[in-house]
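Chemist: Per numbering that gives the first Met the number 0, the first sequence starts with residue 0, numbered consecutively. Glycine residues also receive a C-beta, built at the ideal position from the N, C-alpha and C atoms.
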Amino acid sequence: MKAKKNITMKEAKEKTGLSSRQIRYYDQQDLVFPGRSRGNQRLFSENDIERLLKIKDLITAGNSIETVRSKLRAPETQTNGQYEFDYENEFDYSDVKLDSLFPVSNRSELIKRLSRSNSKGFKEEEE
DNA sequence: TTTCTTACA
DNA sequence: TGTAAGTA
0 MKAKKNITMK
10 EAKEKTGLSS
20 RQIRYYDQQD
30 LVFPGRSRGN
40 QRLFSENDIE
50 RLLKIKDLIT
60 AGNSIETVRS
70 KLRAPETQTN
80 GQYEFDYENE
90 FDYSDVKLDS
100 LFPVSNRSEL
110 IKRLSRSNSK
120 GFKEEEE
């Protein structure tokens, strides 16, 4: 499927529940790679949104930016100026209704973290 | 009006 | 992270 980057900051903010500040920050940290057309404005795709959602969960789960970065590797398999995104994805939420607020596609990671929390003490920190 | 960047609280 | 300033 193709990822059309037509989602504006406003949309991204509403869809992810993150602040524009956070989204831009994650962008700077190379956690997401939104398109950049029209007056330097960011344009996200559904994939970017989902990626943002994963990042959000990871961060709120107590992980640092570096941790997230190591888990979600830079997907650009660029050629030269124009790069293709092939983190096209793992799951298509296009026609799936989200009835849960935990759209993590990476379930194994989640399980691992949860298990870890059980065996070792767990932390629930920063935001 | 909204987003962008830079910079400060 | 939030918010202000000055743009585009």
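State the DSSP-derived secondary structure class of residue 41, mapped to helix, strand or coil.
Modeler: Residue 41 sits at position 42 when you count from the first residue of the first sequence. Three-state result, residue 41: strand.
Chemist: As a quick exercise: from 52, 3, 28, 31, pick the residue whose alpha carbon is nearest that of residue 13.
Modeler: Locating residue 13 in the first sequence gives position 14, counting from the first residue. The shortest C-alpha separation from residue 13 is found at 52.
Chemist: Alpha carbon to alpha carbon, how far is residue 49 from residue 38? Give it in angstroms, no decimals.
Modeler: Mapped onto the first sequence, residue 38 falls at position 39. Mapped onto the first sequence, residue 49 falls at position 50. Pairing residue 38 with residue 49, the inter-Cα distance amounts to about 24 Å.
Chemist: Taking C-alpha atoms, which residue in 19, 61, 56 lies nearest to residue 42?
Modeler: Start at 1 with the first residue of the first sequence, and residue 42 comes out as number 43. Looking at the Cα atoms, 19 is the closest of the given residues.
Chemist: Between 16, 44, 26, which has its C-alpha nearest residue 7's C-alpha?
Modeler: As a first step, residue 7 is located in the first sequence; it is residue number 8 there, counting from the start. Taking residue 7 as reference, the option from 16, 44, 26 with the minimal CA-CA separation is 44.
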